[in-house]
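First up is the structure itself, then whatever we jot down about it.
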Amino acid sequence: MTAALVLLGYAAVAAWCGPVLLAPLTSGGTSVRPGLAAWLSAMASALLSAALSMAFTIQVAVANWPALTQALCREVAGKMCTPQVYQSALYPAGVAIAAVAVVLAALLALWRYGRRTQRAVARTRLHARTALLAGRALPGTGAVVLNDPRPAAYCVAGRPAAIVVTSGALAVLDQPQLGAVLAHERAHLAGRHHLLATVTRGLSAAFPRVPLFAEGTGQVSRLAELAADDAAARAAGRWALVTALLAIATGMAVPGTTVPGTALAAAAFAVPARVERLLSPPGRGTVAVSGLALGLVSGVLILLPVLLAAVARA
Amino acid sequence: MVRMRGFGELEAVVMDRVWDHDGPVTVRDLFDELREARPIAYTTVMSTMDNLHRKGWLARERDGKAYRYTAVASREEYSARLMREALAEAGDAEAVLSHFVASMDGDQAEALRAVLDKFAGGRPS
Chain D
5 MTAALVLLGY AAVAAWCGPV LLAPLTSGGT SVRPGLAAWL SAMASALLSA
55 ALSMAFTIQV AVANWPALTQ ALCREVAGKM CTPQVYQSAL YPAGVAIAAV
105 AVVLAALLAL WRYGRRTQRA VARTRLHART ALLAGRALPG TGAVVLNDPR
155 PAAYCVAGRP AAIVVTSGAL AVLDQPQLGA VLAHERAHLA GRHHLLATVT
205 RGLSAAFPRV PLFAEGTGQV SRLAELAADD AAARAAGRWA LVTALLAIAT
255 GMAVPGTTVP GTALAAAAFA VPARVERLLS PPGRGTVAVS GLALGLVSGV
305 LILLPVLLAA VARA
Chain X
111 MVRMRGFGEL EAVVMDRVWD HDGPVTVRDL FDELREARPI AYTTVMSTMD
161 NLHRKGWLAR ERDGKAYRYT AVASREEYSA RLMREALAEA GDAEAVLSHF
211 VASMDGDQAE ALRAVLDKFA GGRPS
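Just so you know, the protein sequences line up as chains D and X, in that order.
Going by this note's numbering, the first sequence opens with residue 5, and the numbers climb by one from there.
Going by this note's numbering, the second sequence opens with residue 111, and the numbers climb by one from there.
Right under this line is the structure:
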């Protein structure tokens, strides 16, 4: 019984305190992939731990229900737990009601996850399909153009997926900038970032108000954005990407996109963090150290539930 | 003018043509048009239009032996619908879309523009 309680305790700590640990480590976007891995590992760790805890409890309950109720009584109440307590008719009935409630809560979470995910996949595929049929092909790019004066560009997964650019966006982008936009969207699709978004949103729907999932969903989406930025900067150049961001965000053309020099001193200005990172990228050493630290964190997060289970059962 | 849209590419070509017509079209009309651009079988056009009808894109009514097809909604109506979904407040959109960039607030855009101007000004061209 101790194993189940320890694992449940760990799951709760990971779910409520995880963001406090991870947010400062990943907020700078210094090493993007290890950052993504760390958030996903924390979520997997909490879920795995809670699932192991439930599995152990069910195992004991099926094997010997009276032993479970007695053990639970001793674990929780210590010396207050006398035979009079667990031998009364009321106590096992109470434990049974609590067990039913826990199982129902788990089923509810599963159902919420399934419903949210299923709807998202259906809406997403329909959107992609409609975009491919109603948009006009942008020759040589695989993207489609929708007639709308508001500048916007996005990708949407499907079978096949679609990259959508509005006519308003085309009006403010020059060729290198358009290349950067398309490279960014292609990186999202190639990296299967829509799967990350679908799963994390499903988890926040399954466990509403749990900080790890609530905050983790936003963090995963932000880091996926930075990963796509990195790919676009490699393919089309940082300058084209930054000016494309400004052009689409403000709806005004930003001319002059020849290759700039190295680091731009952007620190003095309050530019969005996403842009500052592109203008003054972190050095290789910093990236390596940050990546190593986050890799270690991910490894520990994944191993902890397994170790706890092994130690507590021994 | 072969378009690379992968699977469903022919459906897109057919919809393009239907939208280009003002009135209803028959399979024969489209087959004659498409044949000029590419080798294609009559039955392929027929089954594509039948699929589009089944999926709710084309309405049809019988005219003698043939069906006359019309688009259920205009291209503009579909575009408007897509943009409504795409630009809805990102918070609770059900479809998973990855936007290139959300709009920046005025201060952020101003600051970024200042950086770019400063750099562009100092850049030897």
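A virtual CB, placed ideally from N, CA and C, is assigned to each residue, including glycine.
Check	Outcome
X/Y188 at chain D interface by Cβ criterion, 8 Å	yes
Distance between D/Y158 and D/G172 (C-alpha atoms, nearest Å)	13 Å
First through last residue of the beta strand (DSSP E) which encompasses X/S208	L207 to H209
D/D234 classed as buried or exposed, judged by whether at least 16 other C-beta atoms fall within 10 angstroms	buried
Segment contact flag, the stretch 110-120 of chain D with the stretch 218-232 of chain D, C-beta cutoff 8 Å, min 3 pairs	no
Residue of D/A48, D/V107 and D/S53 minimising C-alpha distance to D/A8	D/S53
Identity of the residues DSSP links to D/A141 by a beta bridge	D/V148
First and last residue of the uninterrupted beta strand (DSSP E) at X/A181	A176 to A181
Element boundaries [beta strand (DSSP E), containing X/R172]	L168 to D173
Simplified DSSP assignment, three categories, for X/V135	strand
CB contact below 8 Å: X/E204 versus chain A	Absent from the structure: chain A. Protein chains present are D and X.
Counterpart residues of D/A166 in DSSP-defined beta bridges	D/V160
Straight-line gap, X/I150 to X/D142 (C-alpha atoms, nearest Å)	10 Å
Residues near D/L230 by beta carbon distance below 6 Å, same chain, minus five either side	G33 and V36
Counted within 10 angstroms of its Cβ, other Cβ atoms place D/W43 as buried (16 or more) or exposed	buried
Neighbourhood of X/T136 by C-beta distance below 8 Å, restricted to the same chain and skipping five residues each side	D173, A176, Y177, R178 and Y179
Identity of the residue in D/L94, D/P38, D/R154 and D/A292 nearest X/S189 by Cα	D/R154
Chain X contacts made by the stretch 179-192 of chain D, where a contact means CB separation under 8 Å	V185, H188, E189 and H192
Other residues of its chain near D/V169: CB distance less than 6 Å, five sequence neighbours each side excluded	A147, V149 and A157
Cross-chain neighbours of X/M159 in chain D, by beta carbon under 8 Å	Result: empty, since nearest Cβ-Cβ is about 13 Å, beyond 8 Å.
CB-CB length for D/Q124 against X/V206, believed under 8 Å	Reading the sequence as shown, one finds Ala at residue 124 of chain D and not Gln. Rounded, the Cβ-Cβ distance is 5 Å, consistent with contact.
Short CB-CB distance (under 8 Å) between D/P276 and chain X	yes
Own chain partners of D/L207 with C-beta closer than 6 Å, once the 5 adjacent residues on each side are dropped	F217
Three-pair Cβ contact test at 8 Å for the stretch 55-65 of chain D versus the stretch 77-89 of chain D	no
Environment of X/D132 [buried if 16+ CB atoms lie within 10 Å]	exposed
Inter-residue CB distance, D/A19 and D/A50 (contact presumed, cutoff 8 Å)	5 Å
Meets three-Cβ-pair contact criterion under 8 Å: the stretch 201-215 of chain D and the stretch 101-116 of chain D	yes
Chain D within 8 Å of X/V225, Cβ atoms only	yes
Own chain residues within Cβ distance below 6 Å of D/V258, not counting five before or after	T247, L250 and A251
X/N161, DSSP secondary structure in three states	helix
Inter-stretch contact at 8 Å, needing at least 3 Cβ pairs: the stretch 181-195 of chain X / the stretch 135-146 of chain D	yes
Coil, strand or helix - D/C77 by DSSP	helix
Exposure of D/A228, with buried meaning 16 or more beta-carbon neighbours within 10 Å	buried
Beta-carbon contacts of D/R140 that lie in its chain and below 6 Å, excluding the five residues immediately before and after	V149
Contacts of X/H209 in chain D (Cβ-Cβ under 8 Å)	A156, A157 and Y158
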